[in-house]
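Let me begin by presenting the structure, written as C-alpha cells, before commenting on it.
Numbering (our numbering), first residue to last: 7 to 978.
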C-alpha cells in the first residue's frame with residue numbers, strides 16, 4: 007500500500023465537478039454514507055440511495071480515477087463527489103486496507119497498468135487521403151475567396167448579413183473539410199447583431215480569412231511550424247498520438263486559471279499552465295458534448311505538478327497534452343517572476359507570437375504588481391511605474407477589484423486585440439477565479455476607420471487608394487496588384503496586424519487603496535460555508551450570523567462581491583455589511599449598483615474616526631469624545647445610526663441629549679431611523695422628545711413616535727388614548743358593549759396619529775367603514791391597565807373579563823385585533839396568555855399568535871407544545887418559531903417522538919396521510935432549530951424506520967444537524 011494521502015481541499019474537489027448541479031447534489035448526500043475509509047491512494051464508501059442496495063463508490067487518487075455502481079453518465083458522479091467531500095472534511099477514517107469491493111477494483115487497475123502496453127495501430131493517414139483532403143480544402147477556400155471579395159466589392163452595408171447567408175458559406179466550408187473556418191463564419195451573425203461596431207469586426211474577420219486563404223495557397227513554401235499552424239486554423243485534424251511524439255517538456259507546471267464555455271451543446275474547458283522554471287505557457291483544452299463531463303486529470307487552479315507536456319505542432323505553440331507525471335499535485339503560494347511578468351513583457355510576447363502566427367487571437371500573460379483601476383477611461387491594470395493595460399470593453403472584474411483593494415496583485419489572463427482579459431488573481435497565496443462578465447461591448451479602432459468606411463460602401467463605389475496608412479503598412483501593401491476588393495482585404499489584414507502587434511502601454515494613476523481592516527479574518531472553512539449558504543439562500547444563515555457576531559470577523563476580500571450582491575436583501579444587509587467592513591465599503595463606492603449601500607455600513611469601530619481599537623469579542627470599547635463628535639457630524643447615515651445605537655446602549659442619557667440637541671436640524675429618512683433606536687432602553691425620559699416628534703412634518707417620524715409612545719403605558723399619550731377609548735366604549739352591567747366612534751376627529755386625536763386617511767379597514771376587515779380603523783388605532787395605543795375600569799373588573803381578571811364581553815359585530819374584530827396589538831407592544835404576559843388561549847382575531851392577526859406565544863413564560867410555552875399530539879402538527883408548526891433557538895430539549899424530544907409516530911403510521915398504513923411530503927415544512931423547521939447534539943438520535947431513528955421515504959428524511963435531518971454542528975465549530 008502506498009503512503010497515506012493528505013485529504014484534498016474542498017476547492018480541489020469542487021474543480022472536479024462536471025457542473026454546479028452535480029456539486030449541489032453531492033452536498034445533499036453527506037448524511038447517507040457508511041463504511042467509508044481511506045488507505046494509501048484509495049478512498050471508498052457506501053452511499054444509501056433510493057433502493058435497498060447502497061451504491062459503491064471508489065476513488066483512486068493517483069489518477070485520479072473513479073468507480074461508482076450508480077447508473078449516472080456524469081463523470082465523476084454526484085456520489086463520487088460526495089465521497090471526496092466527505093474525505094476532504096476528515097470524515098473518512100484511515101483503514102489498514104481497502105474494503106473488498108474497493109480492493110477488487112484497485113487490483114484490476116494495478117494489473118492493467120502493469121500489463122505490457124499493446125502497440126497501437128498507426129493512425130497516420132495515407133498520402134492519397136492527405137492529398138484528397140488538401141484538394142477539397144483548396145477548392146473550398148477558393149470559393150471562400152470569391153465570397154469574401156464579393157462582400158467587400160458590394161459593400162458591407164448592402165450584403166446579406168442574415169444567419170442563413172452565413173450558414174450557407176459555413177456549410178460549404180464543412181463540405182470542404184475546413185471546420186475551423188466554418189466555426190468562425192457561424193459566429194459572425196451573432197456578433198453583428200450584438201456589436202455596435204460590427205463593420206470593423208467584419209472587416210477584421212474577412213481580412214483574417216483572406217490572409218489564411220493566401221497562406222494555404224502557398225503552404226509548401228512556408229516553414230513547417232507555420233504550416234502546422236495554418237492547418238490547425240483551417241481545421242486539419244491532429245491526432246493525440248502525433249502530439250505525443252513531439253518532444254516532452256518537463257517542468258513544475260503551475261495551474262493558474264481554468265474556464266468552461268459552451269457553444270451548441272459542446273462544452274469546452276481551457277486550463278492555463280505556466281512552467282515554474284521556464285516561464286513557458288501551456289494551454290490544455292478538453293471537450294465534452296451535451297454535459298460538461300471532463301476528466302479529473304487536470305489539477306485545480308492553485309496546484310502545481312511535476313510533469314511532462316507535449317505541445318501541438320505550430321509556429322506559436324501553446325496547446326499541449328499531458329505526458330508522464332512525476333508527482334502528485336501540490337498547492338503553491340508564490341509564482342516566480344520568470345519569463346516576463348511586466349506590461350512591456352506582455353506586449354512584446356504578444357507581438358512575437360503574432361509574428362510567428364498572424365492568425366493568433368490571444369496570448370496568455372502573467373502580470374505581477376499591477377493594480378486594477380476603474381476610472382473615466384474604463385478598466386485598466388496599472389503597474390508600479392504608471393504604465394497601464396486596458397481591459398476588454400464590457401469586462402467588469404469586481405472580484406479582481408475586491409481582492410486587490412487598490413493594492414498590487416498578480417493577475418493571470420490573456421492579451422487580445424481589444425484589451426486584457428483577466429482570468430484569475432493570486433492574492434494572499436491563493437488563486438481566485440475572477441468570474442468576469444462576458445464582454446458584450448467593443449471599442450472602435452480609429453486607425454481602421456477609413457478602411458472600414460470603404461468596406462462599408464464597397465470598392466465598387468469607393469476606392470481605397472487614398473486611405474491613410476502607417477508608413478510600414480503602406481510600404482508592404484502592393485498598390486497595383488489584384489482587383490480593389492482583394493487589395494482592400496490585403497491592406498486591412500496588414501494594418502490590423504500592425505496595430506495589434508504594435509500596441510503601446512497607456513499611462514494611468516493608481517487609486518487610493520482601501521485601508522487595511524485589523525479585525526481577524528474569517529477562517530477559510532467558515533468563509534466557504536458562508537459563500538454556499540448565501541448562494542443557496544440557506545435557512546441556516548440566521549444561526550451562522552448570530553454565532554459569528556461575537557467574533558467580529560472580516561470577510562476574505564474575494565467574498566466581498568458576493569456579500570454586497572446578497573446585501574440587497576434587507577434581512578441580510580446589516581450582518582453582511584459589518585462582515586464586509588472597510589474593503590466592502592471601498593468596493594461599494596466604486597460600483598453604481600452598490601452605491602446606496604455605502605450609507606448603510608456601520609461605523610468603523612477599528613478606525614481612528616470612532617476612536618476605538620479592535621478588542622476581544624467579550625469587551626466593548628466606547629468611542630472617545632472627539633471621534634464621536636466627528637462620526638455624529640460627518641458620518642454617513644449608517645455610521646451615525648450605528649454610533650448612536652452603541653452610545654444608547656452605553657449611556658442612554660448622553661444619547662438622548664445628543665439626539666435632542668440635533669433634532670431641529672435632522673432631516674430625511676434618517677430622522678425616523680434615529681428616533682426608532684430609542685426603543686433600546688425606552689423609558690419615560692424619552693417621552694418629551696417623542697411628544698415633539700408627533701408635530702414633525704414627516705409622516706414616518708410621526709408614526710415612529712406613536713409606536714414608541716404606545717410602549718410607554720404611563721405616558722401622557724397613553725392617558726389621552728385611554729380617555730378617548732373610554733368616551734367611545736361603554737360596557738353595560740350585562741356585558742353588552744356599545745361603541746360610538748365619531749366620524750370626525752378633533753385636532754388632538756389627529757396629532758396623536760388617530761386618522762381615517764387609510765385603507766386599512768378595507769384591506770384588513772374587508773369594509774370601507776373608516777370608524778373601524780379609528781377604533782382599532784385607539785385601542786392598540788391604549789394602556790392595557792386602562793381597561794379595568796372600562797370593563798368593570800379588577801387588574802388580575804381584566805383580560806379574561808374583556809374576552810367574555812358581548813362585542814358588537816361591527817367592531818368585534820377591530821377590538822380584538824387592537825387588544826392583540828396593544829399586548830404585543832406593551833409585552834403584557836397576562837393579556838398574552840388570555841388572548842392566546844381564547845381570542846379569535848382576524849386572519850391577518852392569526853399570524854401574530856406566534857408573537858403572543860413568545861410572550862408566555864418559557865414553562866408555559868413548553869407545556870403547550872408538549873400537549874400537542876401527532877394530529878396537531880399544523881398548530882405545532884405555527885408556534886414552534888416562537889420558541890428559543892435551539893429548541894429546548896423537552897420540545898426537541900417531543901417533536902422527534904411525533905416524527906417517529908408519523909413514520910410508523912406511514913409504514914403500517916401507506917395511505918394514512920402521514921407521509922413525509924405532508925410534514926415537509928415541520929421537518930425543515932426541525933433541521934434549523936433542533937439541537938445539533940441530537941444527530942445521533944435522529945440517525946438511530948432512521949435505522950429503525952421501515953418506511954423508505956421517512957428513513958431518507960431522517961438521514962437528511964441527521965445530516966443537517968451534523969452540518970450545523972460543523973458550521974458552528976468552524977467559527978470557533
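C-beta: ideal position from N, C-alpha, C; glycine also.
Which whole runs of the alpha helix (DSSP H) in the segment 668-727 are 4 residues long or more, in chain order?
Qualifying alpha helix (DSSP H) stretches, in chain order: 675-682, 693-699, 705-715.
According to DSSP, which residues form a beta bridge with residue 295?
DSSP output for residue 295 lists 272 as bridge partner(s).
Beta-carbon separation (whole angstroms), residue 412 vs residue 519, contact threshold 8 Å
Your pair residue 412 and residue 519 checks out as a contact, with CB atoms roughly 3 Å apart and the cut at 8 Å.
N-terminal and C-terminal residue of the alpha helix (DSSP H) that residue 793 is part of:
In the DSSP assignment, residue 793 falls within the unbroken alpha helix (DSSP H) covering 793-796.
Assuming contact is defined by CB atoms lying nearer than 8 Å, are residue 324 and residue 272 in contact in what I supplied?
No, the pair does not count as a contact, with Cβ atoms beyond the cut-off.
Under a Cβ-count criterion, where at least 16 other Cβ atoms within 10 Å of its own Cβ denotes burial, should residue 880 be classed as buried or exposed?
With a 10 Å radius around the Cβ and a threshold of 16 neighbouring Cβ atoms, residue 880 comes out exposed.
If you draw a straight line from the alpha carbon of residue 499 to that of residue 210, how long is it in whole angstroms?
Each residue's alpha carbon lies about 7 Å from the other.
Using DSSP bridges, identify the partner residues of residue 419.
DSSP output for residue 419 lists 371, 428 as bridge partner(s).
Can you tell me where the alpha helix (DSSP H) with residue 577 in it begins and where it stops?
Per DSSP, residue 577 is one residue of the alpha helix (DSSP H) stretching across 576-594.
If you follow the beta strand (DSSP E) that residue 102 is part of, which residue opens it and which one closes it?
Neither: residue 102 is in no beta strand (DSSP E) and is coded neither H nor E.
Contiguous alpha helix (DSSP H) assignments of at least 4 residues, all confined to the segment 26-51
Segments of the alpha helix (DSSP H) lying fully in the segment 26-51: 26-33.
So, helix, strand or coil for residue 891, using DSSP?
Residue state for residue 891 is assigned as coil, using DSSP reduced to three classes.
Just to confirm before moving on: does the CB-CB distance between residue 546 and residue 977 stay below 8 Å?
Going by C-beta atoms, residue 546 is not nearer than 8 Å to residue 977.
Can you tell me which of 905, 712, 861 puts its alpha carbon nearest to the alpha carbon of residue 882?
Selected option, being the one with the closest Cα: 905.
Can the beta-carbon of residue 13 be found less than 8 Å from the beta-carbon of residue 96?
The Cβ atoms of residue 13 and residue 96 lie closer than 8 Å to each other.
Between the Cα of residue 912 and the Cα atoms of 312, 693, 609, 957, which residue gives the shortest distance?
Among 312, 693, 609, 957, the Cα nearest to that of residue 912 belongs to 957.
Per DSSP, residue 159 is paired with what?
In the DSSP assignment, residue 159 forms no beta bridge with any residue.
Along the chain, where does the beta strand (DSSP E) that runs through residue 71 open and close?
For residue 71, the uninterrupted beta strand (DSSP E) run begins and ends at 71-74, by DSSP.
Using only alpha-carbon positions, find the residue among 399, 432, 414 that is nearest to residue 421.
In this structure, 399 is the residue among 399, 432, 414 with its C-alpha nearest to the C-alpha of residue 421.
Name the one or two DSSP bridge partners that residue 327 has.
In the DSSP assignment, residue 327 forms a beta bridge with 316.
Using 8 Å as the Cβ pair cut-off and three pairs as the minimum, do the segment 578-598 and the segment 403-410 touch?
With a cut-off of 8 Å, the segment 403-410 and the segment 578-598 count as touching, because enough Cβ pairs lie within range.
Could you give the distance in angstroms between the alpha-carbon of residue 694 and the alpha-carbon of residue 925?
Approximately 51 Å between the Cα atoms of the pair.
Among the candidates 85, 159, 135, 51, whose CA atom is the shortest distance from the CA of residue 109?
Of the candidates 85, 159, 135, 51, the residue whose Cα lies closest to the Cα of residue 109 is 51.
Residue 566, DSSP secondary structure in three states:
In this structure, residue 566 counts as helix in the three-state DSSP scheme.
Roughly how many angstroms separate the alpha carbons of residue 57 and residue 72, rounded to a whole number?
One alpha carbon belongs to residue 57, the other to residue 72, and they sit about 21 Å apart.
Use the C-beta contact count for residue 152: other C-beta atoms within 10 angstroms, 16 or more gives buried, fewer gives exposed.
Around the beta carbon of residue 152, a 10 Å sphere encloses fewer than 16 other beta carbons of the protein chains shown; the residue is thus reported as exposed.
Please state if the CB of residue 417 and the CB of residue 380 are separated by a distance shorter than 8 Å.
Residue 380 is not a Cβ neighbour of residue 417, given a cutoff of 8 Å.
Cα-Cα, which of 134, 137, 327, 47 is closest to residue 115?
Considering only alpha carbons, the answer is 47.
Minimum C-alpha distance to residue 27 - residue among 15, 81, 65, 45:
That would be 81, whose Cα lies nearest to the Cα of residue 27.
How do the segment 832-843 and the segment 810-817 stand: do at least 3 beta-carbon pairs fall below 8 Å, yes or no?
The count of Cβ pairs closer than 8 Å, one atom from the segment 832-843 and one from the segment 810-817, stays below three, leaving the stretches out of contact.
Rounded to whole angstroms, what's the CA-CA distance from residue 458 to residue 315? Just pull it up for me.
In a straight line, the C-alpha of residue 458 is about 42 Å away from that of residue 315.
Use the C-beta contact count for residue 23: other C-beta atoms within 10 angstroms, 16 or more gives buried, fewer gives exposed.
So residue 23 counts as buried.
Quick one: Cα of residue 495 to Cα of residue 244, how far?
Straight-line Cα distance between these residues: approximately 30 Å.
When the Cα atoms are used, what is the spatial distance from residue 309 to residue 139?
Rounded to whole angstroms, residue 309 to residue 139 spans 42 Å at the Cα level.
Per DSSP, what are the beta-bridge partners of residue 9 in this structure?
Beta-bridge pairing by DSSP links residue 9 to no other residue.
Do residue 278 and residue 370 count as a contact pair if the criterion is CB distance below 8 Å?
Taking a C-beta distance under 8 Å as the contact criterion, residue 370 and residue 278 qualify as a contact pair.
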